[in-house]
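Undergrad:
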Amino acid sequence: MSTETIIVERDAGVVTVTLNRPERKNAGNGLMWRELLDTLSDIRHRRDDRVVIVTGAGGAFCSGADIADPSGVSGEPADPHIVRMQFFGEMMLALHQLPKPTIAKIRGIAAGAGMSLALTCDLTVASDNARFSEIFARRGLSLDGGSSWLLPRLVGLHKAKELAYFADVLSAQEAASYGLLNRVVADDVDAFVDGWARRLAQGPPLALAMTKALLDNSPSLTLAQALEDEARCQTINFYSEDTGEAMRAFAEKREPRFTGR
38 MSTETIIVER
48 DAGVVTVTLN
58 RPERKNAGNG
68 LMWRELLDTL
78 SDIRHRRDDR
88 VVIVTGAGGA
98 FCSGADIADP
108 SGVSGEPADP
118 HIVRMQFFGE
128 MMLALHQLPK
138 PTIAKIRGIA
148 AGAGMSLALT
158 CDLTVASDNA
168 RFSEIFARRG
178 LSLDGGSSWL
188 LPRLVGLHKA
198 KELAYFADVL
208 SAQEAASYGL
218 LNRVVADDVD
228 AFVDGWARRL
238 AQGPPLALAM
248 TKALLDNSPS
258 LTLAQALEDE
268 ARCQTINFYS
278 EDTGEAMRAF
288 AEKREPRFTG
298 R
């Protein structure tokens, strides 16, 4: 797949998607969001793609949507604004619902839609120079990119309102203390994320996909509903080749080799 605004690299089941507009601190324009959506669709249907790293080129993650780009967030200036925003939401939902683990590797600024993009990933790892802001209010805008759903779940309602109302810039350490980050890495963030990604790529794809769905769906369920969903998922696991392989590997005192079947 040929792309202009992102770089897609594959290595041993790990897909690295790099936002590549460094001259704009990787601000997303319509072309970038469309290429991301197409790439996520491609990854979804590739069995050998096990885990996805989302990162940015040139020392920044993503400074938000490129509001100076006349093509807007969808790349279709003639579309009504609601249609353009709905397209942007479709891309974010595709990332959220991707049935594979995703890791945001964050250097530099992650603001506005860029912060939403990072938080939509399953895991967030930042260098100690990373900065975060729900910048929308400073631009006369309300939240988008899923932040109105993500923030209260990550930090609680009152802290979410503080971050949204004041649009302050947070250091990586502050973001971690609020529960927005899994880790802050002072030295080699590449090595750390690569280690996590390779561990996940060697994991059981079916079980990890179902675990992701169970956790993401849990806020809207009762305990009884969650237990019923767990029962269905575990039944699928017990009939899979991967669970049989895991049992054999345990008995033979070796590491399992999962195939996603």
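Sequential numbering from 38 applies to the sequence shown in the working numbering. Ideal Cβ positions, reconstructed from N, Cα and C, are used throughout, including at glycine.
#1: Do A263 and the ligand GTP come close, with the Cβ less than 8 Å from some heavy atom?
#2: Would you identify the three-state DSSP class for I146, choosing helix, strand or coil?
#3: Which value, in whole angstroms, describes the spacing of the CA atoms of D334 and E292?
#4: Pull up the DSSP beta-bridge partners for S153, would you.
#5: Hey, A97 and V110: beta-carbon distance below 9 Å or not?
#6: Just tell me which of D205, R84, V54 has its CA closest to the CA of W70.
#7: If F173 sits next to L207, beta carbons under 8 Å apart, how far is it from one beta carbon to the other, in whole angstroms?
#8: Going by other Cβ atoms of all chains shown within 10 Å of its Cβ, with 16 needed for buried, is V89 buried or exposed?
#9: Here's a check: name, in chain order, each residue in its chain whose Cβ is nearer than 7 Å to the Cβ of P189, leaving out the five neighbours to either side.
#10: Would you report the Cα separation of Q134 and F287, rounded to the nearest angstrom?
#11: Entirely within the segment 51-83 and at least 4 residues each: give me those alpha helix (DSSP H) ranges in chain order.
#12: Hey, out of C99, G93, P114, V52, whose CA is closest to D86's CA?
#13: So, using beta-carbon positions, are T92 and V230 closer together than 9 Å?
TA: Taking the coordinates as given:
#1: Annotation note on the ligand GTP: not contained in the displayed structure, which lists no ligands.
#2: Counting from one through the sequence shown, the residue named residue 146 turns up at place 109. Strand at I146.
#3: The displayed coordinates of the chain run from 38 to 298. Any statement about residue 334 would go beyond what the structure contains.
#4: Your numbering for residue 153 matches position 116 in the sequence shown. Answer is none; S153 lacks a bridge partner.
#5: Position 60 of the sequence shown, counted from the start, is the residue given in the question as residue 97. Position 73 of the sequence shown, counted from the start, is the residue given in the question as residue 110. Going by C-beta atoms, A97 is not nearer than 9 Å to V110.
#6: Working through the sequence shown from its first residue, we reach residue 70 at position 33. Checked all of D205, R84, V54; the closest Cα to W70 is V54.
#7: Taking the sequence shown and counting its residues from 1, the one referred to as residue 173 is at position 136. Taking the sequence shown and counting its residues from 1, the one referred to as residue 207 is at position 170. Not a contact, Cβ separation roughly 14 Å.
#8: Counting from 1 along the sequence shown, the entry for residue 89 is found at position 52. With 16 or more other Cβ atoms within 10 Å, it is buried.
#9: Within the sequence shown, numbered from 1, the residue matching residue 189 stands at position 152. Contacts found: A197.
#10: Counting from one through the sequence shown, the residue named residue 134 turns up at place 97. Counting from one through the sequence shown, the residue named residue 287 turns up at place 250. In a straight line, the C-alpha of Q134 is about 31 Å away from that of F287.
#11: 67-81
#12: Along the sequence shown, one-based indexing puts residue 86 at 49. The shortest Cα separation from D86 among C99, G93, P114, V52 belongs to V52.
#13: Here residue 92 refers to the residue found at position 55 when the sequence shown is read from its first residue. Here residue 230 refers to the residue found at position 193 when the sequence shown is read from its first residue. Contact flag set, yes.
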